[in-house]
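Residue numbers (our numbering): 159 to 430.
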């Protein structure tokens, strides 16, 4: 029998002073989560923003993550309150919302993930997260308060509203993620080789320091070299001050791993 109301392992690790490590899940096969649990990932961000993933597929991936003791987060395509609540009901323990630009947008997202009196999420006692039993509802209301909300700062406009965005977050639970690629694209500030300019990196560090000053966690995706992300890349962002690390997509990681093996082997001569 599963433990319906266990403490959020992601938050437990952060409160113990350790940085959880996860990755963006774009591939739709549950075997990816099986592998993730086997190698020891703490969490996964199941992506609905840049994939064509259906809700039914997302639900199966959430269940696969649970089964493999990987904490399931979901990145929604945009600020869609009913969809965010739906993933919460499916068992997501964290939700990332892209392109949050103001305190008002942040509040709308936060309220979509909290039941009254803390928010306005619609109630249904027949869902996976509360064990499909009405008698569990009051315990579930306390339990779901541990759901991690992660607004993504990806637009120059958001920097000017950063303090009001942070005002809507709960220290010790919620986090912020800075989207370097979208921010750089919006500013017209990307290097020709796809790396990030000093302007983008300075904005990233500024947001991180403002979060740290407010005891708001900061989630980061390390920049990768030509051969893909490495353990050294992860250590670097943790040393800079981030609280949790989410690696590149499983697609990019697989492509880099395959490329590192296959690339040097494509023009080998057969022994005569």
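We treat Cβ as the ideally placed atom computed from N, Cα and C, and that holds for glycine. Being a predicted model, the structure only gives us computed values, none of them experimental.
Helix, strand or coil for residue i? Go by DSSP, reduced to three states.
| i | result |
| --- | --- |
| residue 167 | helix |
| residue 311 | strand |
| residue 402 | strand |
| residue 389 | helix |
| residue 366 | helix |
| residue 143 | Because the chain here runs from 159 to 430, residue 143 falls outside it and cannot be looked at. |
| residue 330 | coil |
Among the candidates the options, whose CA atom is the shortest distance from the CA of residue i?
| i | options | result |
| --- | --- | --- |
| residue 181 | 197, 170, 322 and 175 | 197 |
| residue 435 | 342, 340, 343 and 310 | Nothing can be reported for residue 435, as the shown portion of the chain is limited to 159 through 430. |
| residue 237 | 227, 223, 225 and 267 | 267 |
| residue 252 | 271, 260, 264 and 235 | 271 |
| residue 226 | 308, 394 and 190 | 190 |
| residue 370 | 340, 402 and 358 | 402 |
| residue 374 | 429, 321, 357 and 232 | 321 |
| residue 358 | 243, 340, 221 and 350 | 340 |
| residue 223 | 199, 348, 415 and 209 | 199 |
| residue 162 | 306, 243, 211 and 286 | 286 |
| residue 372 | 235, 330 and 254 | 330 |
| residue 228 | 263, 188, 247 and 214 | 188 |
| residue 345 | 239, 407, 328 and 316 | 316 |
| residue 215 | 192, 184 and 171 | 184 |
Give me whichever residues DSSP pairs with residue i in a beta bridge.
| i | result |
| --- | --- |
| residue 407 | 182 |
| residue 230 | 202 |
| residue 290 | For residue 290, which the question treats as bridged, DSSP gives no partner whatsoever. |
| residue 220 | None, per the DSSP bridge assignment. |
| residue 306 | 252 |
| residue 348 | 354 |
| residue 378 | 403 |
Examine the Cβ distances between the segment 381-392 and the segment 366-373 and report whether three or more of them are shorter than 8 Å. no
For the segment 272-281 against the segment 188-204, are there 3 or more C-beta pairs whose distance is under 8 Å? no
Are at least three pairs of beta-carbons, each pair with one atom in the segment 164-182 and one in the segment 392-406, less than 8 Å apart? yes
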